[in-house]
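Just so you know, the sequence shown maps onto residues 405 to 660 in this note's numbering. Backbone N, C-alpha and C define an ideal beta-carbon position, used for all residues, glycine too. Note sheet for the following structure.
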Amino acid sequence: MIVKFLGTHNAESKNTRLVSLLIDDVLAVDAGSLVSELTFPEQRKIKAILLSHGHYDHIRAVPAFAFNNSDRTTRVVATPRTLEILSSHLIDGVVYPEFTSEASFLRKATIKLVPLEPFKRQDIEGYQVMAVPVPHPLDGVGFEITSGDGKTLFYTGDTGPGLSSIWSNISPQLVIIEVTWPNRLANMARDAAHLCPEMFKEELFELRRIKGLLPKVVVIHMSPQHETETRREVRQVAELLGISIDIPREGEELIL
Ligand SMILES: [Zn+2]
Ligand SMILES: [Zn+2]
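Rendered as structure tokens:
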């Protein structure tokens with residue numbers, strides 16, 4: 405399984421992109437920067453897009469992707485709440501054409517919405533995908549994704565603290581987890597249901613207690629404005645736990 409990090413931040417600039425992962429070139433996970441980081445031929449390889457929740461930074465490139473790839477139908481897979489947000493606020497026939505309908509000027513549906521039920525494994529383009537609810541608004545979920553050759557990752561999506569019950573239900577070799585702000589902004593992180601390094605540390609302690617060891621850990625969704633401080637605090641967590649923690653930048657790949 406090859407994971408390419410298209411976007412690893414929570415804010416967009418010339419040097420930072422919104423969250424998007426690409427698995428083996430065919431399965432996209434969240435759509436913050438799905439078009440800006442891929443050529444048209446690369447976009448054509450994508451068969452399905454998983455969305456963790458309906459916040460703008462995770463769904464915003466879906467209409468642009470649909471517009472670029474209007475000669476075929478791409479599956480967008482998410483919980484019913486996320487699909488409803490996408491349809492009513494973004495692909496609504498006003499801001500963008502209704503890509504899910506044959507009524508638009510394209511005369512065919514270029515997006516097919518596929519509902520995903522939490523805790524139920526579904527086959528998505530040869531990958532076993534299970535949505536797991538996480539503490540974040542809009543019924544946010546993380547995804548456990550297992551490839552055909554048995555490699556498993558868990559992506560938290562956006563989440564606040566309190567992942568203990570989730571760790572018991574999954575067995576990934578790789579955890580991709582969000583850490584948005586530094587410890588100095590812990591209150592803001594708690595209010596917005598995100599993690600700071602101190603909360604992240606507690607989640608990893610709990611994961612290690614439950615599993616007996618830690619899988620590979622990768623951190624994304626960092627706020628660029630506070631990145632130096634947050635990276636330093638994440639490195640301190642890694643030292644404390646005696647593990648290495650990757651904080652990939654846009655364009656980096658990881659082979660699992
Ligand atoms: Zn969010
Ligand atoms: Zn986000």
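Cutoff 6 angstroms; reference residue i; Cβ partners in own chain excluding five residues on either side
i    : result
I549 : Y531, V533 and L557
T486 : L455, H457 and G458
P484 : P519
K408 : L426 and E657
S569 : none
E602 : N587
Rounded C-alpha distance that separates residue i from residue j
i    : j    : result
L611 : F509 : 50 angstroms
I647 : L494 : 41 angstroms
R479 : V430 : 11 angstroms
P445 : A642 : 38 angstroms
N473 : K451 : 11 angstroms
E416 : V545 : 22 angstroms
G554 : I528 : 15 angstroms
R580 : G497 : One detail in the question is off: residue 580 reads as Ile in this sequence, not Arg. C-alpha separation (whole angstroms): 34 angstroms.
A535 : A513 : 25 angstroms
D562 : D475 : 32 angstroms
L438 : F471 : 12 angstroms
Distance cut-off 7 angstroms: residue i Cβ against heavy atoms of ligand 2
i    : result
D543 : no
H625 : yes
D527 : no
V466 : no
H462 : yes
Contact test: residue i Cβ vs ligand 1 heavy atom, cutoff 7 angstroms
i    : result
H413 : no
D595 : no
H459 : yes
H493 : no
D496 : no
H540 : yes
Whole-angstrom C-beta distance between residue j and residue i, which should lie under 8 angstroms
i    : j    : result
E654 : R464 : Rounded, the Cβ-Cβ distance is 16 angstroms, inconsistent with contact.
N414 : M626 : 7 angstroms
P619 : L578 : 6 angstroms
I515 : F503 : 4 angstroms
I453 : A432 : 4 angstroms
Same chain, Cβ closer than 8 angstroms to residue i, neighbours up to 5 away in sequence not counted
i    : result
S572 : I614
Which residues DSSP lists as bridging residue i, in chain order
i    : result
K620 : L578
H413 : L422 and M626
A535 : F547
F558 : E548 and V579
I427 : V407 and L431
D527 : Q532
A470 : In the DSSP output, where bridge partners are listed per residue, A470 has none listed.
Sequence-distant residues of the same chain with beta carbon closer than 7 angstroms to residue i, five excluded per side
i    : result
M592 : W585
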